[in-house]
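Here the structure comes first, spelled out in structure tokens, and everything after it is commentary.
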Amino acid sequence: MSSLTTRVFELPERLAAKDDPALIADDERHLAAVAGSIERSVAGLTARLDAARRAPGGHGQQALDRDQEIHRLSSRLRTLRRYGVDLCLGRIVTAGGETVYIGRLGLTDAPGGVDAAAGTGAPDGAGTAGGAQAAAGDGAVPGDDRGGRRLLVDWRAPAAERFFAATHADPMGLVSRRRYRWARGRVTDYWDEVFTPEGLEGNAALDDQSAFVASLGASRSPRMRDVLGTIQADQNTIVRASSDGALVVDGGPGTGKTVVALHRTAYLLYHDPRLGHRRGGVLFVGPHQPYLAYVSDVLPSLGEEGVQTCTLRDLVPEGGRAAPESDPEVARLKASAALVKAVEPAVGLYENPPAAGMLVETPWADIWLAPEDWAEAFAAADPGTPHNEARDQVWDALVDVLADRLADADPDSGLGDRAGDEDEFDAYGIAGEAVDAPLRRALAANRDLVRAFARAWPVLEPTDLVGDLWSVPAYLRLCAPSLTPDEVRRLQRADAQAWTLSDLPLLDAARLRLGDPEASRRRRRQEAVAAAERERMSQVVDHLIATDDSDLGVMSMLRGQDLRGALVDDAALPAVDPDRLAGPFAHVVVDEAQELTDAEWQMLLARCPSRSFTIVGDRAQARHGFRESWTERLDRVGLTSVRTASLSINYRTPEEVMAAAAPVITEAIPDANVPTSVRGTGVPVRYAPAAELDAVLAAWLDEHAEGTACVVGDPTFEETDRVRSLTPRTVKGLEFDLVVLVDPEAFGTGIEGAVDRYVAMTRATQQLVVLTS
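Heads up: the sequence shown begins at 2 in the numbering used here, then just goes up one per residue.
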């Protein structure tokens with residue numbers, strides 16, 4: 002069935018008045034053109050993708066460019082095939098009479114159809130979804146002659162901003178706005194908003210707010226549903242704010258903080274060339290895995306598939322098995338950024354040049370290695386180089402010192418002559434220092450020297466370093482002198498490597514400071530493979546030269562070292578995949594940021610040297626309290642350029658639920674930012690005995706063919722496809738049609754208990770049931 006001949010509008014009978022051709026005929030024609038352009042674009046992109054995949058892989062930059070082209074084409078195709086004509090979000094009509102249609106992506110009716118189909122010409126960071134538009138500013142409207150008639154303007158482009166930002170107080174030059182509701186590729190409803198009397202003509206659905214509010218009450222699914230078309234003006238302002246410095250988005254439950262964070266991520270990747278993958282990209286940090294699973298579909302639906310998403314646990318290999326800290330006082334001590342700083346002196350104690358000299362035996366002469374020689378070699382490590390990776394630099398410097406000493410002791414040895422016969426040592430893969438190869442071999446075989454070096458600059462494991470802090474009191478006192486003797490004793494434990502969540506910031510700091518303990522071994526293996534490859538090519542070259550019978554002796558050109566090296570296939574050498582979460586990242590987005598300790602903030606700051614952050618949270622939802630302002634908290638952890646934006650309208654939680662939840666939090670936190678709900682369901686909060694849990698769920702499932710429910714507080718309940726079972730902590734950031742709280746008073750006392758109850762109650766979008774024993 003061709004999308005060019007099938008009606009796009011499929012309105013139910015109850016909306017028959019809206020099905021008037023006078024109201025939708027123009028949209029039908031325009032969306033049919035969109036469908037045709039998408040079909041052509043899909044065909045063109047498919048052909049280009051097939052051609053790119055058939056093209057030779059190449060090496061180096063050529064291979065990288067080919068892979069990136071395939072990634073861009075594949076991403077674009079996935080988005081087009083996923084949405085089709087429902088890429089269109091709606092339209093705006095300007096005071097000048099122009100109608101502009103807004104889409105997830107930009108689209109023209111020119112040959113090729115999709116703007117920047119493969120990202121060609123896109124600046125770094127313009128995103129896979131429409132980089133060329135970002136480069137051009139995308140102020141185009143239908144009739145633009147740069148590449149055919151503009152059918153859709155990308156929602157992130159400047160020309161689309163009025164679709165989200167216009168209000169009755171500030172229409173921004175619009176006379177009307179229309180939003181579509183899509184289902185299975187068809188428009189099943191639409192609603193209009195009129196800003197001027199001129200906008201009344203041709204607009205029937207003057208129920209903007211009621212239609213929008215109705216959409217908020219739609220049934221929830223296991224993943225966050227599409228909300229791009231309903232982003233509100235207050236949210237849009239934050240989405241489009243500059244990436245400079247740190248932006249805090251503070252808002253209570255249901256205000257759309259997560260929506261803002263996700264769409265802001267897509268917007269910044271499209272709009273800010275400083276954030277592209279070649280400049281570091283974006284890291285998105287959520288509170289827990291159920292949250293990441295819930296929002297996992299949002300960024301791909303916006304055309305962004307390159308964003309790294311994780312929890313704090315994921316940043317450290319030990320995070321998956323880490324348990325909560327059982328002792329609150331220990332957790333408090335480890336939450337301090339000061340304790341994380343103990344990692345630096347802890348590493349420094351293992352970078353100690355020997356205080357005594359030693360005699361180093363070589364086949365040429367015995368060399369005296371003085372303490373100042375050790376110190377000179379240790380000072381050669383480049384600042385900022387991780388300990389384990391700097392080890393090779395120190396060893397190389399030590400060899401240089403010994404080579405100089407040996408040259409002074411035996412001028413006839415030839416080992417001090419850096420212009421020696423390089424051919425002799427090509428096989429050892431020490432280009433530029435080939436003449437040192439015999440000495441290097443001799444020193445590497447000198448057990449006394451190797452042992453002395455290993456004691457002075459050992460290879461360290463992050464787990465061993467941090468474990469020693471919890472098992473060797475004297476070591477901890479040296480590294481964290483501000484701790485009292487009682488605090489030092491309290492931090493000790495029987496099993497030093499029984500990792501807890503509070504250990505993760507220290508483990509992360511140790512891992513970043515130490516680097517990969519296998520780096521040196523891996524480098525030597527790579528050098529060995531490279532040397533073997535050079536030796537093999539040298540033999541091939543020698544054979545070609547020896548058998549060359551041409552008059553000009555062409556093969557003699559291969560004697561040049563540059564040409565010999567060019568014959569080595571570097572792509573065949575073993576490569577190391579960098580830790581994809583280690584950073585650095587150009588921008589970091591943090592959701593539920595109110596829960597982060599000062600120590601945990603150090604994990605994120607270490608990954609974002611630019612200090613460009615989007616920080617999303619609610620001080621009233623901090624389980625351990627949050628008495629400071631955001632500016633005070635962030636200044637303390639190292640973020641000084643901070644702006645704050647507040648969201649105060651609750652789009653998700655019905656007013657009946659908020660009426661019950663608000664007193665729960667304000668009793669514990671009187672100044673809590675409790676948002677105002679914009680809708681009600683007419684369904685009051687229900688209170689019942691805990692024994693009615695099964696009956697409550699059965700009745701709800703019978704009455705609702707769609708939607709999801711969640712039981713909070715009953716670990717014995719076995720979840721089903723439509724009913725989740727979560728704790729007060731893992732329900733944070735999620736939403737469900739029905740929420741059933743089981744014995745909420747058992748969640749705890751004080752601020753922690755109040756926050757857990759408040760968070761759990763405000764996950765409900767339709768109905769809340771509270772069961773008590």
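Just so you know, even glycine gets a beta-carbon here, dropped at the ideal spot from N, CA and C.
| query | result |
| --- | --- |
| Classification of V451 by the beta-carbon crowding that lies within 10 angstroms, buried from 16 upward | exposed |
| Nearest-angstrom Cβ-Cβ length linking F614 and V589, presumed shorter than 8 Å | 5 Å |
| CB of L742 within 9 Å of CB of V724, strictly | no |
| Integer-rounded CB distance, given that W701 should sit under 8 Å from A691 | No, A691 and W701 are not in contact; Cβ-Cβ is about 16 Å, not under 8 Å. |
| CA-to-CA distance, D51 to R105, given in whole angstroms | 25 Å |
| Contacts around A343, its chain only, beta-carbon distance under 6 Å, and the 5 residues preceding and following it disregarded | C480 and A481 |
| Extent of the continuous beta strand (DSSP E) run through W183 | L175 to A184 |
| Contact belief for A376 with P354 at Cβ below 8 Å, rounded distance in angstroms | 5 Å |
| Local Cβ density within 10 Å of G282, reported as buried at 16 or more and exposed below that | buried |
| Cβ pair T773, A689 closer than 9 Å | yes |
| Beta-carbon gap between A53 and G174 smaller than 9 Å | no |
| For T773, three-class secondary structure by DSSP | strand |
| Reduced DSSP secondary structure (H/G/I, E/B, other) of C480 | helix |
| Distance between beta carbons of D251 and T645, contact taken as under 8 Å | 6 Å |
| Cross-strand partners of R644 (DSSP beta bridge) | L248 |
| Anticipated Cβ contact below 8 Å, L508 with V467, distance rounded | 5 Å |
| Euclidean distance between Cα positions of E720 and A453 | 59 Å |
| Through-space distance from T501 to A475, alpha-carbon basis | 22 Å |
| Beta carbon of V195 nearer than 9 Å to that of S177 | yes |
| Simplified DSSP assignment, three categories, for R687 | strand |
| Strand pairing of C711, partner residues [DSSP] | R725 and V740 |
| Distance CB(E319)-CB(L505) smaller than 9 Å | yes |
| Pair within 9 Å by beta-carbon distance, A663 and V679 | no |
| Where V286 sits in the DSSP three-state scheme | strand |
| First and last residue of the uninterrupted beta strand (DSSP E) at E596 | No beta strand (DSSP E) holds E596; DSSP gives it neither H nor E. |
| S211 versus Q233 - alpha carbon distance | Its pLDDT being 46, under 50, S211 is placed unreliably in this model, and the coordinates cannot settle the point. |
| Assigned secondary structure, S678 (DSSP; H/G/I helix, E/B strand, else coil) | strand |
| Whole-Å CB distance - V317 paired with R512, under 8 Å assumed | 7 Å |
| Pick from G287, A380 and A445 that is closest to E362, judged by C-alpha positions | A445 |
| Reference G751, options A623, L477 and F165, closest by Cα | A623 |
| Proximity below 9 Å, CB of L46 to CB of R77 | yes |
| DSSP-derived helix/strand/coil call for W365 | coil |
| Residues of its chain near V489, where Cβ-Cβ distance is below 6 Å and the 5 sequence neighbours each way are ignored | P474, L477 and R478 |
| Residue burial classification, H60 (beta-carbon count within 10 angstroms, cutoff 16) | exposed |
| Length of the line joining the Cα atoms of P463 and V308 | 27 Å |
| Buried versus exposed, by CB contacts within 10 Å (16 or more), D449 | exposed |
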